[in-house]
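Notes follow once the structure below has been shown.
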Amino acid sequence: MLRTCVQCGTDNRVPAKFLAAKGKCGCCKGVLGPIAEPIDVDLTTFDALVKETRVPIFIDFWAAWCGPCRMVAPEVKAMAQSLAGHAIVLKVDTEREPELASRFSIQSIPTFVIMHQGRVVGRRSGYAVAADLATWVQASSGGAAARA
Ligand SMILES: [Zn+2]
């Protein structure tokens with residue numbers, strides 16, 4: 021994963037398992053904070069992240085034509101920010117990644133799935149506000165998101 025340093029603009033390559041951790045920019049040695057926004061993933065990136073990530077993973081299954089998906093997108097984004105360092109947030113475009121959509125038997129969108137330690141620990145569909153989503157992530161992961 022490439023992360024851009026906010027201080028100097030340099031792209032830093034960050035291994036998946038350190039996405040939720042604090043790092044250092046290789047160029048200016050400035051702080052590279054934990055990732056705080058949703059990550060658009062394809063199948064390959066998805067599998068790598070699920071394998072390597074220690075913190076709970078929130079997955080937003082969506083599509084561009086889906087109105088409710090667009091409505092909830094800002095809530096997902098705000099939740100990603102509030103859980104930065106405690107969870108990571110992935111976005112799966114079900115049109116582009118039908119294999120992932122069928123692996124999780126996605127029938128309606130938006131559907132949200134929480135994975136922790138390689139297992140699905142939560143699943144729900146439809147609109148929710150950022151605070152509810154964050155509470156749900158923490159509850160589903162047995163508090164791992166709060167402790168991490
Ligand atoms: Zn830098």
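The sequence shown begins at 21 in this note's numbering and counts up by one.
The beta-carbon is built from N, C-alpha and C at its ideal position, and this holds for glycine as well.
field: Any heavy atom of ligand 2 within less than 5 angstroms of residue CB: hits in chain order
entry: In terms of ligand content, the structure shown lacks ligand 2 and carries ligand 1 instead.
- prompt: Do you know whose CA, among His106, Thr73, Cys89, Glu115, lies nearest Thr155's CA?
  reply: Looking up residue 155 in the sequence shown gives position 135. Ranking His106, Thr73, Cys89, Glu115 by Cα distance to Thr155 puts His106 first.
field: Through-space distance from Cys48 to Thr64, alpha-carbon basis
entry: By one-based count along the sequence shown, residue 64 stands at place 44. By one-based count along the sequence shown, residue 48 stands at place 28. Whole-angstrom Cα-Cα distance: 30 angstroms.
- prompt: Beta-carbon separation of Val157 and Ile134 under 8 angstroms?
  reply: Taking the first residue of the sequence shown as position 1, residue 157 is located at position 137. Taking the first residue of the sequence shown as position 1, residue 134 is located at position 114. Contact flag set, yes.
- prompt: Any idea if Lys111 is buried or exposed, counting beta-carbon neighbours within 10 angstroms, 16 or more meaning buried?
  reply: Numbered from 1 along the sequence shown, position 91 holds the residue referred to as residue 111. The residue is buried, with at least 16 neighbouring Cβ atoms inside 10 Å.
query: Is the distance from the Cβ of Phe78 to the Cβ of Phe132 below 8 angstroms?
result: Here residue 78 is taken as the residue at index 58 of the sequence shown, counted from 1. Here residue 132 is taken as the residue at index 112 of the sequence shown, counted from 1. Cβ atoms of Phe78 and Phe132: closer than 8 angstroms.
message: Taking 8 angstroms as the threshold (C-beta atoms), are Pro76 and His136 in contact?
response: Taking the first residue of the sequence shown as position 1, residue 136 is located at position 116. Taking the first residue of the sequence shown as position 1, residue 76 is located at position 56. Yes, the pair counts as a contact, with Cβ atoms nearer than the cut-off.
task: Kindly identify the DSSP beta-bridge partner or partners of Thr131.
output: In the sequence shown, the residue the question calls residue 131 occupies position 111. DSSP output for Thr131 lists Phe81, Ser145 as bridge partner(s).
message: Once the 5 residues before and after Lys97 are set aside, which same chain residues still bring their CB inside 7 angstroms of it?
response: Indexing the sequence shown from 1 puts residue 97 at position 77. Result list for Lys97: Glu57, Pro58, in chain order.
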